[in-house]
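Under the UniProt record's numbering, the sequence shown is numbered contiguously, ending at residue 589. To keep things clear, I will list the structure first and then write my remarks on it.
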Amino acid sequence: MYYHQLGELDLLAFRNIARIDLSGMWLTGGIPPEIGALSKLTYLNFSRNDLTGNVPFSLSNLTNLQYLDISYNFFGGAIPSGIENLTSLVALDLSNNYWINGSLPSTLGRLTRLESLKLNDNQLKGFFEAGISKLPSIKTIDLSGNLISEQIPFDLGYYANAHSLSIDLSHNNLYGTVPKSLSNLRNINLSYNDLEGRVPFGVWYALPEGSFLGNDRLLPPRDSTTRALDTRVILPLALFFGCLYSAMFIVFIYYYFKGKKTTPVKPDLKHGDIFKIWNYDGKIAYKDIIEATQDFDFTHCIGSGGYGSVYRAQLPTGKVVAVKKLHRFEGENPIFDACFKNEAKVLSEIRHWNIVKLFGFCLHKRCMFLIYEYMEMGSLFYVLRDSNEAVELNWAKRVNIVEGIARALSYMHHDCSPPILHRDISTSNVLLSSKLEAFVSDFGTARLLDPDSSNHTLIAGTHGYIAPELAYTMAVTEKCDVYSFGVVALETMFGSHPGEFLTSVFVSERNSENLMLQDLLDKRLPSPDDEDLKAARDVVRVVRIALTCVSSDPKSRPSMSRVCDELDVRGPPLPMPLRSISISHLMHM
């Protein structure tokens, strides 16, 4: 594989072509001015190359262009003002170039057909002044990771297109207060800015919780009718009577639907919050769960875990959730009971895109269940073992799944205080959404890592994914999760559990010299070489990193933050075709 200068290509040969897609083709250099002569182009994609220089003004001559993507390159300079000429443009993606700078040109406000604008991860300023959010067709704007230092206009949510508009302004320098009008937007991410004051009540409940993270001076709304009261007195009393009322209500509803007569049961306050539910509208009720599952009838059961069964429940609002219920006989087992409560505790305290979302829980000795976000595709384990589903998981999606798992574990290990160990990472505990994105689940055995203790504990985890050092020591560290991640990453690439492979390679290094990577990859997919050059490079990178994670020596394994860094870096071209790469070569790269 070799880099090619884009200027070496005869662009004029594409004069009568409407579509050019040179994504991931290892192109270097700048875009030559001749590009402006290709007047019939409607689709132009130069993304994921190593192109440099400024965004050429000559692109403004492509007046028929509907789709322009030059993301993931190294372009710099300002966005040319002549972009106003691209009046047919529907999607514009200049993201992840890092060096594009200056203020957004006001001429962007003339692209009346524009629906999607991605400019994230650059050095841009002046978003609100450009008037992009007023465009009549705009639906998605991503300007996260820039240098925008402005106040949010008070009328941002009053524009005609507000209800269909989603904006990401996270990781910028926004300041000032949050306007009330934002409650009208479909979504807006304001996390990691410098906003201050109280979030208006309507905005707080209209947007996801993560929309406000990282604004240290931003406060949640406070009910004006209780502002003058001493919350140090009111809050404890409200919690006590709230829990007491909820517990009595739960017992009544439970036995009503069971058709039994019973006397009220005194709540077991040792369970902490007896019943706590939160989600998009805060109105999930115990009764709704019972009705949706027909009192946890087996016809609604979609699977069984280590200590409970999972049910699919469609709520009256139409929202579908997954409900994990602890079996009664398991609830009487102190180990299962502790795991269930631990999962509720851990998931109620952490938030990450690649960690399954917990909407609520009921922790009462007579009925215990957790309410999760529903994942349509089920577990990664199931998808990899179904021939039809596995084929849908192409190499790009598999790489994305591995990266998602890595991000979740890195967040738990390095962004939580104290760090959280999952202790049971396996393909069964990775759930896939309808878009085949990965979400780590099943936190029953998770525990906080105490740096001042030896962290000795009973062995927890799934056979085949447990770090080998736990066979002779019970000292648990984050490197145990790293090992399990490595096994899952290899299984995702190989299509089956790599048990025999791990035994063969680490018993004798000579075996690795005779093992070719291509022979180990999932045969149900075409070779990454046949898909594209980027797929081959990404697959090699994932397998190489996974091999370091499954090292028998815990000290030789990288941290999950290091894993994420290496997965994010676009490495050099492969030194040889993928079919010529052996496992031994990967282990010494």
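Where a beta carbon is used, it is the ideal one built from N, C-alpha and C, also for glycine.
Rounded C-alpha distance that separates residue i from residue j
i: S441; j: F74; result: 37 Å
i: residue 668; j: E403; result: The question about residue 668 has no answer here: the residues shown for the chain are numbered 1 through 589.
i: L213; j: M375; result: 25 Å
i: S170; j: G464; result: 39 Å
i: Q151; j: S166; result: 18 Å
i: D155; j: L521; result: 54 Å
i: S434; j: L384; result: 15 Å
i: L574; j: N394; result: 20 Å
i: G82; j: N173; result: 28 Å
i: L525; j: A396; result: 11 Å
i: K139; j: S559; result: 38 Å
i: S410; j: A546; result: 15 Å
i: S116; j: L68; result: 11 Å
i: G176; j: I188; result: 16 Å
i: L133; j: T112; result: Note that residue 133 is Ser in the sequence shown, not Leu. So the alpha carbons of these two residues sit roughly 11 Å apart.
i: L92; j: L108; result: 11 Å
i: K258; j: D295; result: Because K258 sits at a pLDDT of 47, beneath the cut-off of 50, its placement in the model cannot be relied upon, and the following sentence gives the value as read from the coordinates. In a straight line, the C-alpha of K258 is about 8 Å away from that of D295.
i: V563; j: Y98; result: 22 Å
i: A18; j: E34; result: 15 Å
i: P316; j: E291; result: 9 Å
i: P554; j: A489; result: 17 Å
i: S584; j: I466; result: 24 Å
i: N193; j: V178; result: 11 Å
i: E437; j: N400; result: 7 Å
i: F501; j: A322; result: 35 Å
i: N122; j: P80; result: 15 Å
i: S484; j: E209; result: 30 Å
i: K319; j: S582; result: 48 Å
i: Y28; j: G36; result: One point to set straight first is that residue 28 is Thr, not Tyr, in the sequence displayed. Between T28 and G36, the C-alpha separation is close to 19 Å.
Those residues which DSSP pairs with residue i across a bridge
i: F369; result: K325, C362
i: Q123; result: N101
i: Q151; result: Y175
i: D216; result: DSSP lists no partner for D216.
i: Q314; result: V320
i: S379; result: L431
i: G157; result: DSSP lists no partner for G157.
i: I167; result: I141, I188
i: D194; result: Y175
i: F75; result: G53
i: L586; result: Beta-bridge pairing links L586 to no other residue.
i: S348; result: In DSSP, S348 forms no bridge with anything.
i: V440; result: I355, V430
i: L68; result: L44, L92
i: R19; result: Y43
i: K118; result: D93, D142
Candidates the options, of which the one nearest residue i by Cα
i: S164; options: T177, I148, L135; result: L135
i: M493; options: I148, R541, Y483; result: R541
i: L218; options: M589, G145, P200; result: P200
i: G126; options: G210, E209, G102, G486; result: G102
i: N146; options: G131, L124, E129, T140; result: L124
i: A162; options: A78, S149, S181, G303; result: S181
i: D565; options: Y192, R407, S144; result: R407
i: L431; options: V476, N122, S144, F381; result: F381
i: S88; options: I79, S39, S71; result: S39
i: S183; options: G157, M589, E437, N193; result: G157
i: P528; options: L490, R579, I466, G486; result: R579
i: F439; options: P208, I466, S417, Y372; result: Y372
i: L114; options: N122, E84, N120; result: E84
i: L44; options: L62, E491, L586, T462; result: L62
i: K287; options: L65, C367, I302, C416; result: C367
i: N16; options: T42, S582, S137, L27; result: T42
i: S428; options: R398, W26, S379, D415; result: S379
i: P577; options: S556, M587, R537; result: R537
7 Å CB neighbourhood of residue i in its chain, flanking five on each side removed
i: K534; result: G24, R48
i: G499; result: G464
i: N279; result: Confidence in N279 is poor, its pLDDT being 40 and thus under 50, which makes the residue's placement unreliable; the coordinate value appears in the next sentence. Cβ within range, chain order: F359, G360.
i: W204; result: P220, P221
Cutoff 6 Å; reference residue i; Cβ partners in own chain excluding five residues on either side
i: T299; result: none
i: T293; result: H300, Y311, A313
i: G53; result: G30
i: G77; result: N54
Residues of its chain near residue i, where Cβ-Cβ distance is below 8 Å and the 5 sequence neighbours each way are ignored
i: S106; result: E129, A130, G131
i: E478; result: H413, P419, L421, L449, S559, M560
i: N120; result: S95, N96, D142, L143, S144, G145, N146, D168
- prompt: Is there contact between the region 380-396 and the region 336-355, where contact requires at least three CB pairs shorter than 8 Å?
  reply: no
field: the region 549-569 touching the region 43-63, judged by at least three CB pairs closer than 8 Å
entry: no
query: If you pair each beta-carbon of the region 350-360 with each one of the region 295-314, do three or more pairs fall below 8 Å?
result: no
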